[in-house]
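Protein sequence lines correspond, in order, to chains A and B. Using full-length UniProt numbering, you'd call the opening residue of the first sequence number 1 and step up by one each time. Using full-length UniProt numbering, you'd call the opening residue of the second sequence number 1 and step up by one each time. C-beta atoms are modelled at their ideal positions from N, C-alpha and C, and glycine is treated no differently. Note that the structure is a prediction, hence the values are computed from the model and not measured. Everything on this sheet refers to the single structure shown next.
Number of protein chains: 2
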Amino acid sequence: MIKVVAKQTVKQDKINSFLASAKKLVEETHQKDSGCISYDIFQDLQHAEVLTFIEEWENQDALDKHMASKHFKELFPYLNGLLEKPGEINCYKKVV
Amino acid sequence: MIKVVAKQTVKQDKINSFLASAKKLVEETHQKDSGCISYDIFQDLQHAEVLTFIEEWENQDALDKHMASKHFKELFPYLNGLLEKPGEINCYKKVV
Chain A
1 MIKVVAKQTV KQDKINSFLA SAKKLVEETH QKDSGCISYD IFQDLQHAEV
51 LTFIEEWENQ DALDKHMASK HFKELFPYLN GLLEKPGEIN CYKKVV
Chain B
1 MIKVVAKQTV KQDKINSFLA SAKKLVEETH QKDSGCISYD IFQDLQHAEV
51 LTFIEEWENQ DALDKHMASK HFKELFPYLN GLLEKPGEIN CYKKVV
């Protein structure tokens, strides 16, 4: 299992736009991407502009296919354009 | 539900010490802390020194009690002493 934490700091005035498109990406990912265990968006309790994708994938192949998918390729650049600073993305394995 | 992501960058020569103590904290948390949905440690696939606690708590009260617990108060300062730089801790709510 691969866990992805993609922490995004969104421009203050773009939070709603980000959420609307991110919601679409979540829906399409859930519908279309096999090997997706979970794929959700979380908002920091103190900093509303920090919106983080926390994902679980069965394996690297499933994650690679997701990142090559039409819906990801279409929406990811748009989401990136709404950021205050570059996203912070970590791919993890569980150790404890 | 509250999701906590506590991203820690550990000194290269302290990774094993960190993991040993963190493992103890995970075990005690699982055993003793009610309201803990999940509490695990993940290692970045590219950067072995990045060790991140990803936790789920039923509510803020459960998280507060955890952070006031004997096992947390004993182990957290020790773990902090093994870090290369201050940890990055985000507490989240699920939005999508």
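Here DSSP, grouped into helix, strand and coil, assigns Asn90 of chain A to strand. When Cβ-Cβ separations below 8 angstroms define contact, Thr52 of chain B makes contact with chain A.
In the three-state scheme derived from DSSP, where H, G and I count as helix and E and B as strand, Ala62 of chain A is classed as helix.
Residue-level contact check: Lys14 of chain B does not touch chain A, since none of the beta carbons of chain A fall below 8 angstroms from its beta carbon. Assignment of Gln12 of chain A by DSSP, reduced to helix, strand and coil, places it in the helix class.
The segment 5-13 of chain A and the segment 37-52 of chain A touch, with three or more beta-carbon pairs separated by less than 8 angstroms. One finds Phe42, Gln43 and Leu45 in chain A with Cβ atoms closer than 7 angstroms to the Cβ of Lys93 of chain B, taken in chain order. Short of 8 angstroms from the beta carbon of Leu25 of chain B, and not among the five residues preceding or following it, lie these beta carbons of its own chain, in chain order: His71, Phe72, Leu75, Phe76 and Leu79. By the rule that beta-carbons nearer than 8 angstroms mark a contact, Asn80 of chain B does not touch chain A. Between Ala22 of chain A and chain B, the shortest Cβ-Cβ separation is below 8 angstroms. Annotation for Glu49 of chain A: no beta strand (DSSP E) segment contains it, and DSSP assigns it neither H nor E.
Between Gly81 of chain B and the set B:Ala22, B:Val4, B:Lys3 and B:Ile2, the nearest pair of CA atoms involves B:Ala22. Taking Ser34 of chain A as reference, the option from A:Asp44, A:Glu88, A:Ala62 and A:Val96 with the minimal CA-CA separation is A:Ala62. Ile89 of chain B and Ile41 of chain A have their alpha carbons spaced roughly 16 angstroms apart. Put simply, the CB of Leu63 of chain B is far from chain A, with every gap to its CB atoms at 8 angstroms or more. Remark: C-beta atoms of Val5 of chain A and Ile54 of chain A approach each other more closely than 8 angstroms.
By the beta-carbon neighbour count (other beta carbons within 10 angstroms, threshold 16), His30 of chain B is exposed. Rounded to whole angstroms, the gap between the alpha carbons of Gln60 of chain A and Glu27 of chain A is 21 angstroms.
DSSP places Val26 of chain A within a helical segment (H, G or I) once states are collapsed to three. Between Leu19 of chain A and Lys93 of chain B, the CB-CB gap reaches or exceeds 8 angstroms.
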